[in-house]
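Accompanying notes for the structure given below.
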Amino acid sequence: MALNEIENYRQKLFEAAKDYGMNSSETVRCSQELDLLIIEQIKQQLKNHMPLRSAVN
């Protein structure tokens, strides 16, 4: 998984929040998907003993 995939989901989350509001089911779903991607990235980095890098600039 690449960090750009996380960035794409982050943008999708921002758009959902802007379009539907912070508490909409679409925004919550996007947030949960982003959480899972971030968790998988952390697991991969820990597995590979790589230093953690921020997915957000």
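The number in my numbering is simply the position in the sequence shown, starting from 1, with 531 added. Built from N, CA and C at the ideal position, the CB exists for glycine as well. The model shown is predicted, which means the values in this text are computed figures rather than measured ones.
Does DSSP classify residue i as helix, strand or coil?
i	result
N579	coil
N539	helix
S555	coil
A547	helix
N588	In this prediction, N588 has a pLDDT of 49, which is less than 50 and means its spatial position is unreliable; nothing more can be read from the coordinates.
Flag residue i as yes if its beta-carbon sits less than 8 Å from any beta-carbon of chain B, otherwise no.
i	result
A547	Absent here is chain B; the protein component of the structure consists of one chain.
Assess, as a yes-or-no matter, whether the stretch 569-577 is touched by the stretch 552-559 under the definition of 3 or more beta carbon pairs within less than 8 Å. no
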